[in-house]
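Enquirer: Take this structure first; my questions come after.
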Amino acid sequence: PEDAESLRATHLEAETAVAETKKRLAAVTAEIERRTARLLELPQSIADVRGRLDSIAESLVAPPAAGEPTELVMARRVRFEAARRHRTAELAMLEQEGRTYAAAERVLSLERERLERVSNEASRRLATLARAVAEREQRDAESRAEEARAAAVMAHPA
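Going by the working numbering, the sequence shown opens with residue 39, and the numbers climb by one from there.
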């Protein structure tokens with residue numbers, strides 16, 4: 039049987055392990071919630087970008103105003119082309135973000151389940167250690183009390 043001090047040290051290590059596991063579990067859960075919220079926002083973001091692309095496409099095919107200088111027409115066209123490339127890249131990024139989040143969702147869910155199991159097991163071990171520490175301390179206290187009674191009986195009446 040371990041002494042009370044080593045049991046307390048083991049108990050402290052177990053407490054630390056439980057706290058760390060719960061901290062990691064909270065972080066994974068927060069990441070799942072963040073990604074879930076973002077997945078809900080993505081369709082609207084994608085629709086907004088598609089709307090901007092449609093507007094840019096309309097601007098690109100619109101005829102120039104009568105009497106507008108050629109340089110201004112060309113500069114506007116370059117600006118719209120750049121905006122189209124930018125929005126096309128943004129759309130691709132948003133669509134990829136959605137695919138990535140969907141693929142990672144399963145991995146994060148499995149990690150959360152694993153951490154929940156680890157946390158539950160660590161909590162059970164912690165409870166077992168707490169009982170062992172309490173029982174050991176009780177036995178030690180009883181032993182000290184018995185030794186004190188024996189010493190009192192053996193003492194000279196002075």
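Every residue gets a Cβ at the ideal spot worked out from N, C-alpha and C, and that includes glycine.
Distance, Cα to Cα, histidine 194 vs alanine 179?
Expert: The straight-line gap from Cα to Cα measures roughly 25 Å.
Enquirer: Please go through the same chain and pick out, in chain order, the residues whose beta-carbon is closer than 7 Å to the beta-carbon of alanine 42, but skip the five residues on each side of it.
Expert: For alanine 42, where only same-chain residues beyond five positions count, the Cβ hits under 7 Å are Val171, Arg174, Glu175, Asp178.
Enquirer: Taking 8 Å as the threshold (beta carbon to beta carbon), is arginine 46 in contact with chain C?
Expert: Of the protein chains in the structure, only one exists, and it is not chain C.
Enquirer: Can the beta-carbon of isoleucine 84 be found closer than 8 Å to that of alanine 121?
Expert: For isoleucine 84 and alanine 121, no; Cβs fall outside 8 Å.
Enquirer: Taking only the alpha-carbon atoms, compute the straight-line gap between alanine 168 and histidine 49 and give it to the nearest angstrom.
Expert: Spanning the two alpha carbons is a distance of roughly 7 Å.
Enquirer: For arginine 90, which residues from the same chain have a beta carbon less than 7 Å from its beta carbon, with the 5 sequence-adjacent residues on both sides left out?
Expert: Answer for arginine 90: Arg125, listed in chain order.
Enquirer: Quick one: any contact between the region 62-70 and the region 150-164, if contact means 3 or more CB pairs under 8 Å?
Expert: Yes, the region 62-70 is in contact with the region 150-164.
Enquirer: Could you check which residue in Leu164, Met131, Asp92 has the C-alpha nearest to that of leucine 80?
Expert: Selected option, being the one with the closest Cα: Met131.
Enquirer: Out of Ala186, Ala75, Glu119, Ala188, state which residue places its alpha-carbon closest to the alpha-carbon of valine 99.
Expert: For the residues Ala186, Ala75, Glu119, Ala188, the minimum Cα distance to valine 99 belongs to Glu119.
Enquirer: Less than 8 Å separating the beta-carbons of valine 87 and serine 157?
Expert: No, the Cβ-Cβ distance between valine 87 and serine 157 is not below 8 Å.
Enquirer: How close, in whole Å, do the beta carbons of glycine 136 and leucine 77 come, if the pair is a contact with beta carbons under 8 Å?
Expert: Glycine 136 to leucine 77, Cβ: 7 Å. Contact.
Enquirer: Roughly how many angstroms lie between the CA atoms of alanine 141 and arginine 46, to the nearest whole one?
Expert: Approximately 44 Å between the Cα atoms of the pair.
Enquirer: Count the other CB atoms within 10 Å of the CB of threonine 166; is the residue buried (16 or more) or exposed (fewer)?
Expert: So threonine 166 counts as exposed.
Enquirer: Apart from the five residues just before and just after serine 147, which ones in its own chain have a Cβ nearer than 8 Å to its Cβ?
Expert: Contacts found: Ile70.
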